[in-house]
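J.:
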Amino acid sequence: MVNNKKLLAWVEEVATLTKPKEIQWVDGSLEENQKLLDLMVEAGSATKLNETEKPGCYLFRSHPSDVARVEGRTYIASKKQEDAGATNNWIDSLEIKETMTKLYNGCMEGRTMYVIPFSMGPIGAPISKIGVEISDSPYVVINMRIMTRMGKVVLDQLSEDSDFIPCLHSIGSPLREGEKDVAWPCAPIESKYITHFPEERMIWSYGSGYGGNALLGKKCLALRIASAQAKDEGWMAEHMLILALTNPEGKTYYVAAAFPSACGKTNLAMMQPTIPGWSVKCVGDDIAWMRIGDDGRLYAVNPEAGFFGVAPGTSMDSNPNAMKAIQKNTIYTNVLLKDNNDVWWEEMGEDAPSHGIDWEGNEWTPASDKKGAHPNARFTAPASQCSVIDENWENPAGVPISAILFGGRRPSTIPLVNEALNWNHGVFMGSATGSETTAANIGAVGVIRRDPFAMLPFCGYNMGDYFNHWINMGEKLGDKAPKIFFVNWFRKDNSGKFIWPGFGENSRVLKYVTERIEGKNLGEETAIGILPKLGDIDVNGLGLSEATVEDLFAIDKEGWLAEITSIEEFYAKIGDRLPARLQAELDKLKDRLTDNGSCGCCGCGK
Ligand code: GTP
Ligand code: SPV
Ligand code: MN
40 MVNNKKLLAW VEEVATLTKP KEIQWVDGSL EENQKLLDLM VEAGSATKLN
90 ETEKPGCYLF RSHPSDVARV EGRTYIASKK QEDAGATNNW IDSLEIKETM
140 TKLYNGCMEG RTMYVIPFSM GPIGAPISKI GVEISDSPYV VINMRIMTRM
190 GKVVLDQLSE DSDFIPCLHS IGSPLREGEK DVAWPCAPIE SKYITHFPEE
240 RMIWSYGSGY GGNALLGKKC LALRIASAQA KDEGWMAEHM LILALTNPEG
290 KTYYVAAAFP SACGKTNLAM MQPTIPGWSV KCVGDDIAWM RIGDDGRLYA
340 VNPEAGFFGV APGTSMDSNP NAMKAIQKNT IYTNVLLKDN NDVWWEEMGE
390 DAPSHGIDWE GNEWTPASDK KGAHPNARFT APASQCSVID ENWENPAGVP
440 ISAILFGGRR PSTIPLVNEA LNWNHGVFMG SATGSETTAA NIGAVGVIRR
490 DPFAMLPFCG YNMGDYFNHW INMGEKLGDK APKIFFVNWF RKDNSGKFIW
540 PGFGENSRVL KYVTERIEGK NLGEETAIGI LPKLGDIDVN GLGLSEATVE
590 DLFAIDKEGW LAEITSIEEF YAKIGDRLPA RLQAELDKLK DRLTDNGSCG
640 CCGCGK
């Protein structure tokens, strides 16, 4: 029996507005899940995959206009524009409520309205947050069941007066009397709205059924709303993987890493180290909620319960642990369907099938000039199916973080690994993160943009205030603060090939990180940070020439000066809420690089 007053009133209010044909309170059971899947197969929106090859797996194809997050239609609604800041699409709360209320009016006609109670974070953990998503998409229900703790267990946590975060979602495609449904109903791009109300702790999403636009526990709640809450309450909500790295002596280090969307978090989070004696276990692959523990250290919890991972590029070579985790009970979206009802995607490490059905539902052969899978095709799989999931992944207290990595896709200038001189220099590095854009957002791909802390699309408030929050957290952490490193697996040579082999070989860099944590006499201070000396990172067996290795760490002075100009422009955009200490870090970097007589890479520290 549901007795939460706020929830009962809200469900009634939404039903009155959206006019669904029925309301279903989701309990999260296996039977309920199977019923929904059967319904979707029957309706032609899902394909059951080959039960021998992929037991319990289903394929969905989205509408070609609804294939990724839509940053251009994602809003932060607040009373004052300056509280959303220059990097967010701001919209006046009252205005957007009026616009969206009109869209929501009757938008669930002919459809079932699902009420989905969910918990971000282990149920009952002090850091966890309860949300309730109302959605007219059964695809959202089955995905939320994997990505969050969901259903009756969560409802049982809500007493008469307890609070939760209301997340309203509609695909924006009512099914009127006599109308035939389509496989992936959604609204046209110009009427999609993904709106966040950080002041009220509320989310309204309309018009899209895909990923972060629709699975509202993920980017909307666990990052945009949570980041605003975290600032107010003194913790951090970050776009970070969390991994456990154990060295041959058996010592474990927990590392968190922020890379922009489709820049390698899932891959690093469950990587198979190539160096003997080292192992990696996964705590989370996308989001970290971090707070300071009783011992003064930073502790991280993965608020999610599943992986919503990029399929293309995932192979037994690049990410064997993900491949093994997605063989059963997995939802595939926008990959290619083989004639034997199994799936395939580009760079899966398996020859392309001679024939299949592509992500748009068309006949496909290797001669096609189109890709079989969409570049942002995804798998949704339970984290518990990952054979390298860390034993502490559901620990309500979280895991103690020893190092934080930032990174992005940078074809030039940025070295393989660069350690911050101190916390504030690390905050500067995070704030200045740049990366090539990817297919995770609808828009141009491969354009370098500033994506501070990999949070450009996910920070729910003014970016200047967010930078300041990082500085404040460092002050509270003091000498217990994790060390900060900037990494770049994506530097390219003149022919456009990645120089660094990446994936499991990134363990070589992680090893160096732990050795630096232990205070080993490695690396040297340069104008841009602490760089490894030749030989500090073991590159044996990689077949890299000495010149290539030097290239990975070379300080390209011209490149760095251009970088500084670009950071200056970005900081100017942030405006007067940019912390003075970050401007000072930028000025110091410029001084060190341009000081008369300094070559900028001699380690003279100028
Ligand atoms: P989101 O789920 O969008 O947040 O992405 P993510 O950060 O988890 O990225 P993911 O690990 O899924 O990687 C995205 C793409 O980057 C895939 O195509 C990978 O093959 C590629 N990639 C990941 N790690 C490496 C690496 O070390 N080197 C190279 N060259 N490519 C990588
Ligand atoms: C990302 O884009 O960073 C993702 C995928 O993790 S989505 O859930 O669609 O945001
Ligand atoms: Mn992500």
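Numbering (this note's numbering) for the sequence shown: 40 to 645.
Cβ atoms here follow ideal geometry from the backbone N, Cα and C, with glycine treated the same way.
Kindly identify the DSSP beta-bridge partner or partners of residue 156.
T.: Its beta-bridge partners are 171.
J.: Would you call residue 454 buried or exposed, if buried means 16 or more other Cβ atoms sit within 10 Å of its Cβ?
T.: Buried, because 16 or more other Cβ atoms sit within 10 Å of the Cβ of residue 454.
J.: Leaving out the 5 sequence neighbours to the left and right, which residues in its chain are closer than 7 Å to residue 193 when beta-carbon positions are compared?
T.: Cβ within range, chain order: 156, 157, 158, 162, 169.
J.: For the structure I just gave you, are there three or more beta carbon pairs, one from the segment 375–388 and one from the segment 106–118, closer than 8 Å?
T.: Output reads no: the segment 106–118 does not touch the segment 375–388.
J.: Who are the near neighbours of residue 437 in its chain, counting only those whose CB is closer than 6 Å to its CB and skipping five residues on each side?
T.: Excluding sequence neighbours, residue 437 sits near 338, 339, 340.
J.: Closer than 8 Å: is that where the CB of residue 85 sits relative to any heavy atom of the ligand MN?
T.: Checking every heavy atom of the ligand MN against the Cβ of residue 85, none is found closer than 8 Å.
J.: Beta-carbon of residue 195 versus every beta-carbon of chain D: anything under 9 Å?
T.: The structure shown contains no chain D; it is built from a single protein chain.
J.: Quick one: what's got a C-beta closer than 6 Å to residue 541's C-beta in the same chain, skipping five residues either side?
T.: The answer, listed in chain order, is 528.
J.: Measure how close the beta-carbons of residue 658 and residue 370 come, nearest whole angstrom, since I'm counting them as under 8 Å.
T.: This structure cannot settle anything about residue 658, because the visible part of the chain is limited to 40 through 645.
J.: Would you call residue 78 buried or exposed, if buried means 16 or more other Cβ atoms sit within 10 Å of its Cβ?
T.: Exposed: under 16 other Cβ atoms inside 10 Å.
J.: For residue 52, does the three-state DSSP call read helix, strand or coil?
T.: It is helical.
J.: Counting C-beta neighbours from all protein chains within 10 Å, is the total for residue 423 16 or more, i.e. buried, or is it exposed?
T.: Classification of residue 423: exposed, given that the 10 Å Cβ count is below 16.
J.: Can you give the Cα-Cα distance for residue 152 and residue 42, rounded to whole angstroms?
T.: Using only the alpha carbons, I get a separation of about 19 Å.
J.: Using a Cβ-Cβ cut-off of 6 Å (strictly less than) and excluding sequence neighbours within five positions of residue 691, which residues of its own chain qualify?
T.: Residue 691 is absent from the model: the chain starts at 40 and stops at 645.
J.: So what does DSSP say about residue 86, is it helix, strand or coil?
T.: If DSSP states are grouped into helix, strand and coil, residue 86 belongs with the strands.
J.: Where residue 355 and residue 517 are concerned, what is the direct C-alpha to C-alpha distance, given to the nearest angstrom?
T.: Approximately 41 Å between the Cα atoms of the pair.
J.: For residue 261, is the beta carbon positioned less than 8 Å from some heavy atom of the ligand MN?
T.: Not under cutoff, so the answer is no.
J.: Would you tell me roughly how many angstroms separate the C-alpha atoms of residue 209 and residue 54, rounded to the nearest one?
T.: Residue 209 and residue 54: Cα-Cα distance of roughly 12 Å.
J.: So what does residue 420 bridge to, in DSSP terms?
T.: Paired residues: 346.
J.: Does the distance from the CB of residue 592 to the CB of residue 571 come in under 9 Å?
T.: Yes.
J.: Please state the DSSP three-state secondary structure of residue 650.
T.: Limits of the chain in this structure are 40 at one end and 645 at the other, which puts residue 650 out of reach.
J.: Report the CB separation of residue 181 from residue 207 in whole angstroms; it is logged as a contact under 8 Å.
T.: Rounded, the Cβ-Cβ distance is 19 Å, inconsistent with contact.
J.: Does the Cβ of residue 315 have 16 or more other Cβ atoms within 10 Å, making it buried, or fewer, making it exposed?
T.: That one is exposed.
J.: Can you name, in chain order, every residue of its own chain whose Cβ lies under 7 Å from the Cβ of residue 550, other than the five neighbours on each side?
T.: Hits under 7 Å: 314, 317.
J.: Could you tell me how far apart the beta carbons of residue 67 and residue 191 are, in whole angstroms, since I believe they sit closer than 8 Å?
T.: The pair is a contact, with the Cβ atoms about 6 Å apart (cut-off 8 Å).
J.: What does a CB cutoff of less than 6 Å around residue 491 pick up in its chain, not counting 5 residues either side in sequence?
T.: Here the set comprises 470, 472.
J.: Taking C-alpha atoms, which residue in 421, 587, 236, 154 lies nearest to residue 95?
T.: That would be 421, whose Cα lies nearest to the Cα of residue 95.
J.: I need the straight-line Cα distance from residue 239 to residue 579, nearest angstrom please.
T.: Using only the alpha carbons, I get a separation of about 55 Å.
J.: Under 8 Å by Cβ, that's how I've got residue 489 and residue 476 pegged, so tell me the actual separation to the nearest angstrom.
T.: Their Cβ separation, rounded to whole angstroms, is 11 Å, which puts residue 489 and residue 476 out of contact at 8 Å.
J.: Would you mind reading off the limits of the alpha helix (DSSP H) that contains residue 625?
T.: 619–633 is the extent of the alpha helix (DSSP H) around residue 625.
J.: In terms of residue numbering, what span does the beta strand (DSSP E) encompassing residue 284 cover?
T.: Run containing residue 284: 280–285, per the beta strand (DSSP E) assignment.
J.: Along the chain, where does the alpha helix (DSSP H) that runs through residue 609 open and close?
T.: Segment 596–613, the alpha helix (DSSP H) holding residue 609.
J.: Using only Cβ atoms and a threshold of 6 Å, which residues come within that distance of a heavy atom of the ligand SPV? Order them by chain position.
T.: Cβ-based neighbours of the ligand SPV within the cut-off: 108, 250, 251, 257, 258, 300, 325, 347, 479.
J.: Keeping to the same chain, check which residues put their C-beta closer than 7 Å to that of residue 372; ignore five residues upstream and five downstream.
T.: Same-chain partners within the cutoff: 99, 101, 416, 417.
J.: Rounded to whole angstroms, what is the Cα-Cα separation between residue 223 and residue 176?
T.: Near 10 Å, if we compare the C-alpha coordinates of residue 176 and residue 223.
J.: Considering only the beta carbon of each residue, do residue 406 and residue 374 sit closer than 9 Å?
T.: It is not a contact, given that the beta carbons lie outside the stated cut-off.
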